[in-house]
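Enquirer:
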Amino acid sequence: MTKKNFVSMILGTIGGILFALGMCMGLLPEWNAFNQGVVIGTVGLVVLLVMLMVRRKMEGKSMIVRLSGRTVGAALLAIVGALALGFGMCLTMVWNMLVPGVIVGLVGIVLLLTLIPLTKGIRD
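Counting from 0, one number per residue, gives the positions in the sequence shown under numbering that gives the first Met the number 0.
#1: So Met22 packs on Gln35, CB below 8 Å; how close in whole Å?
#2: In angstroms with no decimal places, state the Cα-to-Cα distance between Leu47 and Leu20.
#3: Just the C-alpha distance for Pro99 and Ser61, rounded to the nearest angstrom, thanks.
#4: Do Val45 and Leu10 have their CB atoms nearer than 8 Å?
#5: So, helix, strand or coil for Gly59, using DSSP?
#6: Taking the alpha helix (DSSP H) that Ser7 falls in, what are its first and last residues?
#7: What whole-angstrom Cβ distance do Gly40 and Phe18 have, given they're in contact under 8 Å?
#8: Are the stretch 58–77 and the stretch 85–93 touching by the rule of at least three beta carbon pairs closer than 8 Å?
#9: Determine, using beta carbons only, whether Met50 and Lys3 come nearer to each other than 8 Å.
#10: Let me know the secondary structure DSSP gives Arg122 once reduced to three states.
In structure tokens:
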């Protein structure tokens with residue numbers, strides 16, 4: 000494992016856990032911790048942004064990514080795919096709508112899987 004992959008893995012894990020914990024704190028009324036959840040989620044997002052900048056610096060690239068139409072499209076596809084997957088999970092687990100939830104969740108998974116050939120391309 001290269002140093003940049005190790006650093007990205009550690010920072011990504013910490014940022015992802017903080018963000019997920021903040022989302023749970025903010026969105027679960029039983030926890031009664033909305034304000035604290037917003038703070039923890041924001042800290043998680045900041046750690047993830049730092050990870051992105053550190054990774055780019057270690058690769059010898061500029062720390063700020065230039066936005067192109069392809070980058071914006073890939074980001075929008077990722078957002079729509081993640082929302083579809085999450086909505087499908089909510090349909091299944093919260094509202095007891097198993098079949099529609101599974102279908103929507105699978106659509107979200109397929110959208111997220113299309114990101115791989117879109118960003119990396121297909122090679123022999």
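Glycine included, C-beta positions come from ideal geometry on N, C-alpha and C.
Expert: Reading off the structure:
#1: Their Cβ separation, rounded to whole angstroms, is 12 Å, which puts Met22 and Gln35 out of contact at 8 Å.
#2: 14 Å
#3: 44 Å
#4: no
#5: In this structure, Gly59 counts as coil in the three-state DSSP scheme.
#6: Lys2 to Leu26
#7: 5 Å
#8: no
#9: no
#10: coil
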